[in-house]
């Protein structure tokens, strides 16, 4: 949850920011996960462009690691 949502749920003491001791669910993505994505990533000149390519071209191969409540999950 974002900080605003965490506050509404009265969880801002444990979630809502990326700070030490806070709980977080995260997904680490690789913008060069496939050959086509690697070509696109090499010519990307902004974060906006990289995120757009991940949305359009990304799939399960782009997921490098998943964290639930701050703990890494086993990748399949």
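Residue numbers (my numbering): 7 to 82.
In this text, a Cβ means the ideal position worked out from N, Cα and C, and glycines have one as well.
Is the number of C-beta pairs between the stretch 56–75 and the stretch 23–42 that are closer than 8 Å three or more?
yes
Who are the Cβ neighbours of residue 78 in its own chain at under 8 Å, not counting the five residues just before and after it?
71, 72
Which residue comes first and which comes last in the beta strand (DSSP E) that contains residue 35?
32–35
Tell me which residues share the same chain as residue 22 and place their Cβ nearer than 8 Å to its Cβ, disregarding the 5 neighbours each side in the sequence.
7, 8, 9, 10, 11, 12, 13, 28
Taking only the alpha-carbon atoms, compute the straight-line gap between residue 37 and residue 24 and give it to the nearest angstrom.
22 Å
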